Every structure is written in structure tokens, then in C-alpha cells.
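Report on the structure given below.
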Amino acid sequence: MSDPVTDADPFERFNRAQGQGTVRTPYPRYAAWRRESPVRRLMAEDLEPGMRMQGRVLFGGELPPVFIALSHEAVAEVLRDGERFSSKGYARTIGLVFGHTILEMDEPEHARYRGLLQQAFTKRALERWEPEVVVPVVHALIDRFAARGPADLVRELTFPFPVEVMARMIGLAKEDHGDFHRWAIELISLAIDPAAGFAASQKLRALFARVLAERRAEPRDDLVTVLAQAELDGERLDDEAIYSFLRLLAPAGAETTYRSSSNLFFGLLSHPDQLDAVRRDRSLVPQAIEEGLRWECPLPAIQRTSTCDTLVQGVAIPAGALVLVSMASANRDETRYERADEFDIFRPAKTHMAFAFGPHRCLGMHLARMESRVVLESVLDRLPNVRLDPEAKDPHITGAMFRSPLSLPILWD
Ligand code: HEM
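Laid out in C-alpha cells, this is it:
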């Protein structure tokens, strides 16, 4: 039977398929597993519904042996070593719709492309994007509800702002922003609806092809122009590489930042003493952002494939295994962080794994941090005494393959 909500709304459908609204907390299970071993072989019944679905749809029903790296050390060991743990597996999953991107490349190809793509994410570009793109986008969204009263911070701010930022950074025309967001979600819903995933991939390609042709004819100050002109050792990106990278950017840049900023707000709003401390002393903002990312990372795990029979922290992994790398578990590793389950912006600074580690460490992490800072500071500036609505029904973070709150009802003075 059709479901009027989920059939009509790809965001809802995607959230549900990722275990959003059903998986409340994976952490006790990870902690129990971590106590037994830093790396664990997973059986079919251990897999989250989203992963089982991927197995059915994308691996023709059969998943290879699946392992999960759980401790901080195990996660670092896997991510550091692209030779033993390849990223090529993405070519069989999300790469089917993104195209060939750096996400699924191993060295030396990966470093070559990353060098080219990095040219779009310079410090200078960030300094320009902050006042020209991020600040106006965030304020325009807050303008819509600031004078009205209660709001849902997720629906009205943290969900729409990063995709709008991405659309403007790329240089899309205003009338294309809605399509861009919808197709981006359909793209990563590949395992739930392959036909829609492939169709979205083609539609995005056509959109980007149009913009690329326009920028070649008339360069502008946007991401497409930079990618069209990027050069490293005499090499340039071909058009397909540009389309694929732009396809990757929508979910990589928008989906994650929407969820990480929602998690940060949830952490602060549900710990009013820490929120007050940040309100009084804005120099605490950067450490609040890092603690939000450690405590609840939006993308709890990524994947690698073992290329040989090997050992990780003493645990044997055969060649060809699917290795889930749980940054969420590593970030709660009690041997690295005291009271690891607690949100505490005052804990001693230690790096976390939310942006991964090693050669594929997030290319957009400085942008993500800047966006989080702008959205947090703007809310504190514009909504005096912002707080969770006490009438809100049990706001909480949820999800298996992505994590964030579904809503954050707020009040202010
Ligand atoms: C809080 C927000 C973000 C989080 C938690 C996050 C997390 C991650 C993680 C875990 C990876 C590694 C994936 C893997 O190796 O399998 C990654 C890679 C990547 N991220 Fe992010 N990301 C965020 C924001 C962004 C933004 C804003 C952008 C761009 C505009 C971006 C672009 C990328 C790209 C292009 C890669 C691929 C890098 C490579 O393969 O070398 N991300 N991100």
C-alpha cells in the first residue's frame, strides 16, 4: 500500500530508510562490542536495516564478510592505510550514481584529483564565502521566523541552510535550487529506490552541464568556474570528473552539515548551563563545535574493503571483506575520552574522527566548521535566551546511517 507521507516526500523516506526515527542510540551496543574487541565480525542479524537493504539491492543479495572497526586505534589504523583498506567499494554502491569521484579512488589517482579539487576550497575562498554566501543565507532563513515566535530549528534553519549554501557556492540559478536539493536526496536514496537514484544522477548531470557551458563562455566567481579552470602539473579535470564531483558535493556538503549543526544545537539546548556559557563567552564556540562533532557525528560510519588477509589491532580480517569504520564508536572510546557518553564542551581538546582520518579526510571540514560557527552565532545573536520548548515531545537524536534530531522546537524572548 502506498504511504502518502513517504511517497510524496523523499526527505522523509530517506530518513526512515536510514533508521531515522527507529534507531535511537547505537552507543550501548558499540560499547559492549568494544569491551570485547576493537574489531568485530558482524553477522546478518547485527546489521542495521539500511545496510541489509544495501546488501539486497546492491550486492545481489550477498554481502561479503562484514567487520566493524570500533576503537579509536582500530578506526585510525584502517583509515590511515589506503593500501590495505581500499575505497574502491564505493564504486559498487554510491559511486553508481555519483560517477567516478575521489571518494572511491585509491592512491595515486586519489591524490592527483584531490590536488585539483582542493583548489576550490582555499582559505581565500572560505573567507569570501562566509560574508557573501553563508551569513546572508542563514540570516534570510532566521528572518522568516524571528518575529513570529516558536519555531522548529531543524525544519526552518539547520535543514535548509547548508544546501542553499552549496547551491549558491556552485553558482546555480535561484530557480534550480529546489530541484538540486530534491535530486541530491534521491541520489543517495539509491538503495531504497534505484530508478529514482539513477534518474536523479542524469538530471543533475544535465543541470551541471548547462552551468559548466555557461561558465566556460563567461567565467564567474563560483565553484564551477574554479573547477573548470583548475590545473595541476598541466592536467585539468575533464567534464565528467566535474559533474561527478558536483554530484558528490550535494550530499557530502549539505546532508552532513545539516545534521552536525542540528546535533550541536541539540547538545547545547539540552545542556542549558553549557549553552549559557557559550552565550556569555563566544570564544567557546569552536570547542562547542568540536564536542558536538565528537559526541554525535552526523555520519556514524564509512566503508572500506580489505585488499589482503590482514590484522587490525590483532584481529584477523580476510581479503575482500567489507570493513565498516565506525567513527561514532571511536568518538565514544572510553580509553581516549573520559565520560565519553557525556556532552561536555569543557573536556580537554583531543582530535575526533567525525571527519574521518588519513588520505580521504573530509575535504570540506573547514567549510563545515565555518558554517556551524555562523549558524550558532547567528542564532545566539538573533534569538535572545533561545531554549528548547518545554512542551516539545521528547526531542532526541536518532538514526543509524546518518544521525540527527528530527525536530528541535525552540522558544526565545
Ligand atoms: C560536519 C560536516 C561534515 C562531515 C561530518 C563530513 C564527513 C566526511 C567524512 C567522514 C568523509 C570521509 C569519507 C570516506 O573516506 O569514506 C568525508 C569526505 C569528504 N567530504 Fe565531508 N563532511 C562534512 C562536510 C563536508 C562539506 C561541507 C563538504 C564540501 C563542501 C564536504 C566534502 C567532502 C568531500 C569532497 C569528501 C571526499 C574526500 C576524499 O575522498 O578525499 N564535506 N567527509
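Going by numbering that gives the first Met the number 0, 139 is the number at position 140 of the sequence shown; the sequence numbering is gapless.
From the three backbone atoms N, C-alpha and C, an ideal C-beta is built for every residue, glycine too.
Nothing here was measured: the structure is a model prediction, and the numbers come from that model.
Comparing C-alpha positions only, which one of the options sits nearest to residue i?
i	options	result
leucine 263	Leu152, His99 and Asn384	Leu152
valine 373	Val137, Val324, Glu213 and Val223	Val137
glycine 103	Leu247, Glu254 and Asp388	Note on residue identity: the sequence assigns glutamate, not glycine, to residue 103. Here the closest residue by C-alpha is Leu247.
tryptophan 294	Lys349, Ala216, Ala227 and Val277	Lys349
valine 132	Arg219, Arg167 and Gly98	Arg167
serine 328	Ala216, Leu274 and Trp32	Trp32
tyrosine 26	Gly313, Val322 and Pro299	Pro299
proline 297	Gln312, Cys307, Gln273 and Ser260	Ser260
tryptophan 128	Leu366, Pro218 and Thr309	Leu366
alanine 198	Glu106, Arg40, Ala183 and Pro389	Ala183
isoleucine 187	Pro130, Leu41 and Ala251	Ala251
aspartate 142	Phe84, Ser377, Gly94 and Gln201	Ser377
valine 314	Ser36, Thr24 and Ala30	Ser36
leucine 211	Val324, Arg91 and Val223	Val223
alanine 249	Glu163, Leu268, Val74 and Lys122	Glu163
threonine 157	Leu78, Glu370 and Arg381	Glu370
histidine 71	Arg154, Arg381, Tyr336 and Ala90	Tyr336
glycine 94	Gly363, Arg360 and Gln302	Gln302
histidine 351	Leu292, Glu333, Arg381 and Val324	Leu292
aspartate 380	Glu217, Val134 and Val74	Val134
leucine 41	Ser325, Asp272 and Ala339	Ser325
methionine 419	Asp340, Leu323, Pro285 and Ala73	With the chain running from 0 to 412 in the structure shown, residue 419 is simply not present.
arginine 281	Gly196, Leu375 and Cys361	Leu375
arginine 154	Cys361, Asp45, Arg258 and Gly81	Arg258
arginine 386	Ala146, Arg83, His270 and Ala194	His270
leucine 323	Arg34, Ala194, Ala73 and Phe144	Ala73
tyrosine 89	Ala75, Ala145 and Leu189	Leu189
Ordered along the chain, which non-local residues of its own chain (more than five positions away) have a Cβ less than 8 Å from that of residue i?
i	result
glutamate 290	Gly266, Phe342, Asp343, Ile344 and Arg346
proline 383	Trp411 and Asp412
proline 149	Asp388, Pro408, Ile409 and Leu410
aspartate 175	Ala166 and Leu206
alanine 124	Val225
alanine 229	Leu115, Leu116, Gln118, Ala119, Arg235 and Leu236
threonine 334	Ser70 and His71
aspartate 2	Residue placement at aspartate 2 cannot be trusted, given a pLDDT of 36 that sits under 50; what the coordinates show is reported in the next sentence. Taken in chain order, the list of residues that qualify is empty.
Could you please give me the residues that DSSP links to residue i through a beta bridge?
i	result
glutamate 234	Leu231
glutamine 286	Glutamine 286 is not bridged to any residue.
valine 65	Leu41 and Leu321
leucine 268	None; leucine 268 has no bridge partner.
serine 403	Thr397
proline 149	Per DSSP, none; premise fails for proline 149.
leucine 410	Arg386
arginine 303	Val322
Give every residue of the same chain whose Cβ lies closer than 7 Å to the Cβ of residue i, excluding the five residues on either side of it in the sequence, and list them in chain order.
i	result
alanine 391	Pro408
isoleucine 101	His109, Tyr112, Arg113 and Leu116
isoleucine 396	Asn262, Phe265, Glu295, Arg402, Ser403 and Pro404
leucine 283	Ala276, Val277 and Ile344
leucine 274	Leu267 and Leu268
serine 200	Val96, Leu186 and Arg246
lysine 122	none
aspartate 340	Tyr26 and Arg331
methionine 0	Note that methionine 0 has pLDDT 32, beneath the 50 cutoff, so the model's placement of it is unreliable and the number below is only indicative. Nothing listed; no residue qualifies.
If residue i sits next to residue j, beta carbons under 8 Å apart, how far is it from one beta carbon to the other, in whole angstroms?
i	j	result
asparagine 330	alanine 353	7 Å
glutamate 98	glutamate 239	The amino acid occupying residue 98 in the given sequence is glycine; glutamate does not appear at that position. About 6 Å separates the two Cβ atoms, so the contact holds.
isoleucine 316	threonine 309	5 Å
leucine 140	proline 159	6 Å
leucine 206	phenylalanine 179	7 Å
lysine 87	threonine 256	Their Cβ separation, rounded to whole angstroms, is 26 Å, which puts lysine 87 and threonine 256 out of contact at 8 Å.
valine 311	valine 65	Not a contact, Cβ separation roughly 14 Å.
isoleucine 67	arginine 39	5 Å
arginine 219	alanine 227	That pair is no contact at about 10 Å.
Excluding the 5 residues preceding and the 5 following residue i in the sequence, name in chain order all residues of the same chain whose CB lies nearer than 6 Å to its CB.
i	result
proline 394	Pro404 and Leu407
alanine 414	Beyond the ends of the chain as shown, which are 0 and 412, falls residue 414; an answer cannot be given.
glycine 319	Pro63
leucine 203	Trp182 and Arg246
aspartate 332	Ser70 and His71
glycine 357	Leu78 and Arg79
alanine 30	none
threonine 24	none
aspartate 221	Gly170
alanine 195	Glu185
Sorry if obvious, but does the Cβ on residue i come closer than 7 Å to a heavy atom of ligand 2?
i	result
phenylalanine 354	Within the structure as shown, ligand 2 is missing, the only ligands being ligand 1.
Does residue i come within less than 8 Å of chain B when only Cβ atoms are used?
i	result
glycine 266	Here chain B cannot be found, since the structure has a single protein chain.
Every unbroken beta strand (DSSP E) inside the segment 309-387 [3 residues or more]
Taking only runs of at least 3 residues, the beta strand (DSSP E) segments lying wholly in the segment 309-387 are 309-311, 314-316 and 321-325.
Start-end ranges of the alpha helix (DSSP H) lying completely within the segment 153-221, minimum 4 residues:
159-169, 176-187 and 193-216
Please give me, in chain order, every unbroken run of the alpha helix (DSSP H) with length at least 4 that falls completely inside the segment 84-139.
Complete alpha helix (DSSP H) runs here, min 4: 94-97, 108-116 and 122-128.
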